[in-house]
Structure formats: C-alpha cells, structure tokens
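Structure, as structure tokens:
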Amino acid sequence: MAGKKWKALAAAGLLGLAAAGALAGCGGGASESGKMKVGVVQIVQHPALDDANKGFVDALEKRGLADRIEIDQQNAQGDQSNLRSIANRFVSGKYALIGAISTPAAQAMANATADIPIVCTAVTNYETAKLMKSEAAPDGNVTGTSDRGPTEKEVALIREIQPNARAIGIIYNSSEINSVIQAKHLHEICEPLGMSVKELTVNSINDIQQVAESFVGEVDAIYVPTDNVVASSIPTLMSVANANKIPVYGAEVGHVKNGVLASESISYYDIGYQAGEMAADILEGKKTVKDLPVETADKSKLYINKQEMELLGIQIPQSVLDRAEMI
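Taking the numbering used here as reference, the numbering of the sequence shown is continuous, increasing by one, and the terminal residue is 315.
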C-alpha cells in the first residue's frame, strides 16, 4: 500500500510539473493568479500615445485574452531612468510579452531583453531606431506598427491653406530619433517646392516657450512632428504662435485637439489596435515575432480646429473644409 501511495503522489507531482511547463511554454512568466503577465509601457502621457495604448489593450480583450492575461500598465513620465527601471522589472518578472508605446520605450525594452517578445506601436522607423535590420523581416524579438504619417499630405495642406507660405518651422526634441527622421523628411519634401525649413530643437518642455519665440518673424507656419516632448506642451507652443498669428499644423489629431490649426492624421488608436492583434497572435502561440513584419497605417483623415481657425481669422478654402472633420 505504501508503494502504491508513493507512486500516486509521484504521478501527481509530475502532472503538476507538466501543467506548469505548458503554461510557461505559452510565453513566459505567470502572475500569482496563473495568468500570463503582459507589460505595457509608454514614454509619457499625451493623447496620441494614450489612444495607441487603448487600441493595444482593446485588441487583446477582443481576442478573448482578458481572462488569460494580467496587464501591468506603466508610464515613464518622460524619464529615461524610469524606462530602464520598468524594463528591468518586466525582465526580472519574466513577463510573457511587452507592449512598448513610442520609440524611446521600444529602445529601452529592446536594450533590456533579447528573449521576451516586444510588440511596439507609435514607432516611426524601426530600422533607424536600430530595433531591427529590416522592417519587412524582423530578426530579433521586436516587431509592431509604425506611426509614419503622410508628411507629403501635410505640406500639401499647408500650401492649400497658405499658398504664399515660403518658410516652415519645425520644433522637436533632437534626442528622439523619430523626430530627427521627420525633420529630415520635411526638408526633402519642401526643398523641391522652393520652401525653406527652419529647425529648432528643445531638450525638455521647459525650453518650448523660449525656443518657439525664435520662430517669430522667421516662418509662415509651424509644423509639429510626432515628438513626445512637444506633444506634451502644445498649449505652451500655441501661446507663442497665437500671439504672433502663426498657423500651427500637427502630425496627428491629438495636436489638433490640443489647439493646433489642422492635421492630416493617421489614427493612433488604429495602429495600437493593429499592434494588439499582433501581440495576441504571439500570446496564443499562432505566430512568433519573426512571422510578423512591421505594419503601417493604411489611411489618414483631415482634422481642423474650428476655434483656432476663428482665432487666427484665417480663410480656409472650401475644398479643404469639405473633406475635413471639425474639432
């Protein structure tokens, strides 16, 4: 009898180990509740990244994963040291997957682990950010969706609203590689059109008002890229621009909601949702990171801030108004 009892206990122990191994095989560490742990981190809070975050989580829930995963939401508040701490916690906790929102967040997570799958969104260019060699064929543990917007359409919009504009200002944080890429692209679009670009850079939100004042008398319009520092301080920028009647155009709809005149914008919710679906494929074991090329937004929409249009007293062509959504 004693031998049979021992064998039964041993068998039960082996079954327990097998069950634990199966759970680990689904993608890494589990919480005390037995759910897979998913870390979601964004560099800072502003409308675009918040929308991407919501889309990411909504996609996971719509795929029926809400009862199987435990999401740990983290915001670095614009601090690189916070990003490193968050990354270290995700790695030490053996999280099943990390969702990284913004280029700085993606870079910090990728620097911390080469093993945990990282699905990103709101990253402008994965190759330039050194997250992979080719967006068409991810070669590590990182993939996701890009927030590359239709800059050509943005410049065309400025020319439609301000046909006499000859100089465009762009303000951004030079430590954000995504912003550097956008500034370079703006030059490439404007120069063949005979338009000059004046670049001004900031290190923090505290620099924005003083730096923006350097645009006065120098530019006909200001363009705001998808820069996380500037996006966090649109009202400060607008106080300078409005005082000097300089129209400001944004790279995404969140800028318009915060006061800029207009934007031909992709949907950050949509690219977040796309990334969430990619993450769900990985968590369900249907695909690996290397099976998932980087995806981009397939459409954009024109938004105009009605209050800003009236404040500037600017006459926007009816052809533009007809295709715009007023905010």
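Built from N, CA and C at the ideal position, the CB exists for glycine as well.
A residue is called buried when at least 16 other Cβ atoms come within 10 angstroms of its Cβ; K118 does not meet this threshold and is exposed. Annotation: the continuous beta strand (DSSP E) that includes K186 extends over 184 to 190. Burial check for D286: the Cβ neighbour count within 10 Å stays below 16, so the residue is exposed. For the pair P105 and A64, the Cα-to-Cα distance works out to about 20 Å. Every alpha helix (DSSP H) stretch that sits fully inside the stretch 78 to 136 and reaches 4 residues is listed by chain position as 91 to 100. N63 carries a strand assignment under DSSP once its states are collapsed to helix, strand and coil. For the set K245, S69, D208, K23, the Cα lying nearest the Cα of P223 is the one of K245. Leaving aside the five residues that flank I59 on each side, the residues in its chain whose CB is nearer than 7 Å to its CB run, in chain order, V26, V28, V45. Apart from sequence neighbours up to five positions away, the residues of its chain that approach E123 with a beta-carbon distance below 7 Å are Y114, E115, P281, V282, ordered along the chain. Secondary structure note for I259: it is in no beta strand (DSSP E), and the uninterrupted alpha helix (DSSP H) holding it is 256 to 271. Here Y291 is not near G43, since their CB atoms are 7 Å or more apart.
Taking 8 Å as the upper bound for CB-CB distance, G242 and P92 are not in contact here, some 17 Å apart.
Fewer than three Cβ pairs drawn from the stretch 183 to 194 and the stretch 259 to 275 lie within less than 8 Å of each other, which leaves the two stretches out of contact. Using a C-beta cut-off of 8 Å, the stretch 140 to 151 makes contact with the stretch 220 to 240, since at least three inter-stretch Cβ pairs fall below that distance. Of A153, N161, I169, A200, the smallest CA-CA separation from G182 is found for A153.
In this structure P305 is exposed. Its beta-carbon is surrounded by fewer than 16 other beta-carbon atoms within 10 angstroms.
With a threshold of 16 other beta carbon atoms within 10 Å, P180 falls short and is exposed. The criterion of a C-beta distance shorter than 7 Å is satisfied by I210 and F203.
Non-local beta-carbon contacts of N41 in its own chain, meaning distances under 7 Å to residues more than five positions away in sequence, involve V28, Q30, I89, G260 in chain order. DSSP places G157 in the strand class (E or B) of the three-state scheme.
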